[in-house]
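To start, the structure itself, in structure tokens.
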Amino acid sequence: MVGGCAVQPAPSVGACSWNDSCSARAVPDDSWLPWQAEGFFPTQNGKVAIVTGGTKGIGYQTVKHLARLGMHVIIAGNSESDGQEAVRKIKEETLTGKVEFLYCDLASMKSIRQFVQQFRAKNCPLHVLVNNAGVMLVPERKTEDGFEEHFGLNYLGHFLLTNLLLDTLKQSGTHSHNARIITVSSATHYVGKLHLDDLQSRCSYSPHGAYAQSKLALVLFTYRLQHLLTANGSHVTANVVDPGVVNTELYKHVFWVVKVVKWMTTPEEGASTTIYAAISPEMEGAGGCYLYNEERTKSADVAYDEELQRVLWTESCKMVGISDEANRLL
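Okay, structure coming up:
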């Protein structure tokens, strides 16, 4: 049991308590959400967060509300102009929000390492890491390091970033206030298949298949990470969130979106579960959870396959050029 979250013993490490009512929970129709009310969440003065992809959409709303609560937020993004514009707007909207931008291209292992070096040079703690950035249904193309873009940016980029920041997160978490890692996945992971013999989709490329695989990989990664953190006795938790179908720029490559846009949620609504996972007292000490609409629910059955989690982790370490954390912990 991890902080009240039912992390099952092997072979189902990472499973979290859930109930059937989770998927039926309604999303508010109005633009104002309860968690936006003053005092709904505790202030976060003195805490530091990193949010990838925080210049637009869900990421932007996450940054804005964390900053509004007093947290020092660092936006990690691949556009300097978008980053500075986001910082300007958030400071205007929050008045007292402490926000800054640091360049980080998650499609480049070199850029990720440079970002981490810049962050470490600040000599500040890290209490919250939000792995939010991503691409969706893009044409077939490769990252700077030769990885298929969905897998390389959505998954491997965050895998490397998280591992490089783990020491700082461990040093920042305490018994009463754990550091938190929140990774944004998608309901698409339910139909995802992990092709261990073709993770780069070289044999047959499908934008939908590649995207779904990257989102499933993020869930498997989160569960394995929580298993290792628990084994090490670290005061750090890792959870994965599903924001729902949100009207953001991610859908610019999807032709049918114009027909269903009225049924999509807003970025503010989409960010609610991420914010909940990042700061809610209810999630203190809870790890290995899949969250939807601020509720703990069940992910795809395959995501609880401990052997698949382990193999993916080991292969990912090789791909990004880091030592296997499991070898150091277990």
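Per our numbering: the sequence shown = residues 1292 to 1621.
Glycine is no exception: its CB is placed at the ideal position from the N, C-alpha and C atoms.
How would you label residue i, buried or exposed, when you count the other beta carbons within 10 angstroms and need 16 or more for buried?
i	result
T1434	buried
P1333	exposed
G1464	buried
S1372	exposed
D1596	buried
V1648	As shown, the chain starts at 1292 and ends at 1621. That puts residue 1648 outside it, with no answer to give.
H1256	Residue 1256 cannot be examined here, being either before or after the span of the chain that is shown, 1292 to 1621.
P1534	buried
In the structure shown, what three-state DSSP assignment does residue i receive?
i	result
K1391	According to the sequence provided, residue 1391 is Glu. The question's Lys does not apply to it. If DSSP states are grouped into helix, strand and coil, E1391 belongs with the strands.
L1519	helix
R1587	strand
A1577	coil
E1435	coil
T1613	In the sequence as presented, Thr is not what sits at residue 1613; that position holds Ile. It is coil, neither helix nor strand.
R1404	helix
P1572	helix
Identify every residue that forms a DSSP beta bridge with residue i.
i	result
H1363	V1339, K1389
T1582	Note on residue identity: the sequence assigns Leu, not Thr, to residue 1582. Answer is V1532, R1587.
G1368	Y1394
T1474	N1422, V1531
Given this structure, state the Cα-to-Cα distance separating residue i from residue j, to the nearest angstrom.
i	j	result
A1594	V1421	20 Å
P1572	T1479	28 Å
I1366	L1487	32 Å
G1443	L1397	8 Å
R1404	V1390	21 Å
A1424	G1350	7 Å
E1624	Q1491	Residue 1624 cannot be examined here, being either before or after the span of the chain that is shown, 1292 to 1621.
N1523	K1589	25 Å
E1384	E1598	46 Å
I1472	T1565	10 Å
A1577	L1519	14 Å
Go through its chain and collect everything with a Cβ distance to residue i's Cβ below 6 Å, but skip five positions before and after it.
i	result
T1474	N1422, L1509, T1513, V1531
N1445	G1425, S1505
W1604	R1515
M1574	A1568
With a CB to CB cut of under 8 Å and the five nearest residues on each side skipped, what residues in its chain are close to residue i?
i	result
L1456	I1341, V1407, F1410, L1417, L1420
Q1462	P1416
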